[in-house]
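Residue numbers (my numbering), protein chains in the order written: chain V, 9 to 350; chain H, 10 to 404. Positions of the beta carbon are idealized from the N, C-alpha and C atoms, including for glycine.
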């Protein structure tokens, strides 16, 4: 018989962090910047600004030269970046940096030092293979990831950019120059933590993308008139927007709670990160569809930013293998392995 | 942000054990079976036993008949009540009118009604909607006309769930048909034993019984009027806000309706997982193969689990809508998972999950209608949260 608190409020520090980042992004991650950064999805000027703000270093433990922020704080950062579709791989670098910080090896320390002085890093989510798309590997100097039963680092990046629908800096990492930095159970634990962190921060990013699609569509529904009234007064227009608001509010809560458990009670997190990720995929994808539809023909033009949110949401929702793979992962967490008997 | 386990003091731990033991004792198989057969949404014995302990209105002060409990202990009672599977509808809704009674009734009526609500001997049903109203409450036609110190009431209320167990009806009536429709309404607390009142059952697909309440030349003393004449919209709004889960500043507890629906879905889901672990998969290629080993079964179950997590997390009216939408979607997902035997009714020897599939599938559509449809809540989200213009055509 236990009761848990249900406090989703942000601290003053967290609100301040969000405000400062939102101000920076309003200036330096405008729609023009986001579009100009395609197809690589990377803007070096914005990257300089966010590293000056210590967005990556912030999330690295103090003992390893960072500021010791947790995944809750980084989820707030990720949502703001998502809202602007910011062309900077902050969360990828954060996940790589935190993984490296937990490993006692010279190669890991050297790679972390690069990240702390502004190099781009990333974490490979899946097994290495010829068609493995690694987020941000096209712009990352440092790639961390799992190879067999080890966690490896490769500082020979960036790698070949694979042109893609989301204009994301997906790269083809072959792992040829990878160096093992930890093996065995420790490697499994580090990989598990990195995978969890990536899912939570990707979820927060998608909540941000979806929120922008919704906000823009709501504004359009208020401003645009048809048949003599604002289109937002038609329930056929308003109700899908209300449902998107519901999905986003829900995904945000699941994301924040998963982040809190990861920071505070990782042993009790269970399947929360996957719940958050899948709920955020659903919310952001639906927000993109509804966002375009609300704006009608205008929403389908490249002129509208809805197309950016729509493509980016699909990209984030695919990087782990998509809903099918994530649902199978969820099932493994809930019901154990196939054929596994208690 | 904080989701940490709350350190409960010894007193609260002991209280929790007491509450659990209380419901274990009072929510017998007979209570559950009676609800399944008759769907009254209420068990008088249980309600009176709760009332004796002040647990009907646990947060009310002892001088008002409550237990004077803090929010934590009160939430332990509602958790355990929910967990027990007991019928909860009237026990929950009977606390809504007192919100308005406290604000708008005179002292005599307060003294007559509130202590008995608290001790469980008085229940109050919601006389809101009518056969021609649906969710458009401002369209009520039940007429109240002044006659000296009394009011003469004529009309029909519908979906007055629990009326057969109630002593009063919290009734919205039209007092001035000339005024714009929201303005000519007044609320009365109508004693249900007055001449001219007839309660007739309405049976529902989900097995719950609800009612018509017919009122023919019913004479109600003016003291039972709540609030000013023609100010009824204000008077109904106070408890409605609570029913819609929007009156709470704490989002976590503002989703009472949604959490009831999700609890029903979760019961079905948990039983389906157990079924999938026990049931052989004839296509599995070995005698050990179970349904839970099939990729399609795992994906369906995991999708339902995600839905339950989402509905549980969603705040306020979001949670009300998501819970309803998901139980409707997932009742049929789980039904398909089990196959044709899911059709077998409760009580039949071969019914898998003891007939839960039948029950939840029938119950599900009502969840999008009770207490204001999901469409009404979509309007609310669109207008109040998103700032969209009021939908047309609406008065």
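When DSSP states are grouped into helix, strand and coil, residue 317/V belongs to the helix group. Straight-line measurement puts the Cα of residue 312/H at about 15 angstroms from the Cα of residue 344/V. Three or more beta-carbon pairs separated by less than 8 angstroms link the stretch 272–282 of chain H to the stretch 354–365 of chain H, which places the two stretches in contact. A distance of 8 angstroms or more separates the beta carbons of residue 152/V and residue 124/V. Flagged as an interface residue toward chain H: residue 238/V, by a C-beta distance shorter than 8 angstroms.
Using a CB distance cut-off of 8 angstroms, residue 315/H counts as an interface residue toward chain V. The beta strand (DSSP E) runs of length 3 or more contained entirely in the stretch 174–237 of chain H are, from start to end of the chain, 177–183, 194–200, 206–212 and 218–230.
Excluding residues up to 5 positions away in sequence, 164 and 182 lie with their Cβ nearer than 6 angstroms to the Cβ of residue 151/H in the same chain.
Taking 8 angstroms as the cut-off, the beta carbon of residue 82/H is found closer than this to the beta carbon of residue 24/H.
With fewer than three CB-CB distances shorter than 8 angstroms, the stretch 235–244 of chain H does not count as touching the stretch 386–403 of chain H. Per the C-alpha coordinates, the member of 55/H, 327/H, 112/H and 401/H positioned closest to residue 236/V is 401/H. In the three-state reduction of the DSSP assignment, residue 156/H falls in the strand class, which pools E and B. The stretch 98–145 of chain V is shown to contain whole beta strand (DSSP E) runs of 3 or more residues at 129–132, in chain order.
Close CB contacts of residue 340/H within its chain, under the 6 angstroms cut and outside five residues either way in sequence, are with 369, 370 and 373 (chain order).
By the Cβ neighbour-count rule, residue 166/H is buried, with 16 or more other Cβ atoms within 10 Å of its own.
For residue 158/V, the enclosing beta strand (DSSP E) covers residues 158–162.
Membership of residue 277/V in any alpha helix (DSSP H) is not indicated, and neither H nor E is assigned to it by DSSP. Taken through DSSP and simplified to helix, strand or coil, residue 395/H comes out as coil.
Looking at the backbone, the Cα of residue 131/V and that of residue 147/H are separated by about 58 angstroms.
Selection 170/V, 185/V, 144/V and 154/V evaluated against residue 164/V yields 185/V as nearest (Cα-Cα). In the structure shown, the three-state DSSP call for residue 345/V is coil.
Put simply, the backbone Cα of residue 292/V is about 27 angstroms away from that of residue 378/H. The Cβ atoms of residue 96/V and residue 51/V lie closer than 8 angstroms to each other. In the DSSP assignment, the residues bridged to residue 166/H are 222/H. Burial is judged here by how many other beta carbons sit within 10 angstroms of a residue's own beta carbon; residue 189/V has at least 16 and is buried. Closest by C-alpha distance to residue 198/V, out of 233/V, 159/V, 217/V and 207/V, is 159/V. DSSP places residue 155/V within a strand segment (E or B) once states are collapsed to three. Counting every other CB atom within 10 Å of its CB across the protein chains shown gives residue 85/H a total of 16 or more, marking it as buried. Counting only Cβ-Cβ distances below 7 angstroms, residue 113/V has no contacts in chain H at all, with the closest Cβ about 33 angstroms away.
Inclusion of residue 267/V and residue 80/V in the CB contact set at 8 angstroms is warranted, their separation being smaller than that value.
Residues of the stretch 49–63 of chain H with a Cβ closer than 8 angstroms to any Cβ of chain V: none. Excluding residues up to 5 positions away in sequence, 267, 271, 328, 331, 332 and 335 lie with their Cβ nearer than 7 angstroms to the Cβ of residue 320/H in the same chain. Among the residues facing chain H, residue 15/V is included, as its CB has a counterpart in that chain under 8 angstroms away. When only Cα atoms are considered, residue 288/H and residue 353/H end up about 17 angstroms apart. Within its own chain, the residues whose Cβ lies closer than 6 angstroms to the Cβ of residue 209/H, once the five positions on either side in sequence are excluded, are 221, listed in chain order. DSSP, reduced to helix, strand and coil, places residue 18/V outside both helices and strands of the structure shown, so it counts as coil.
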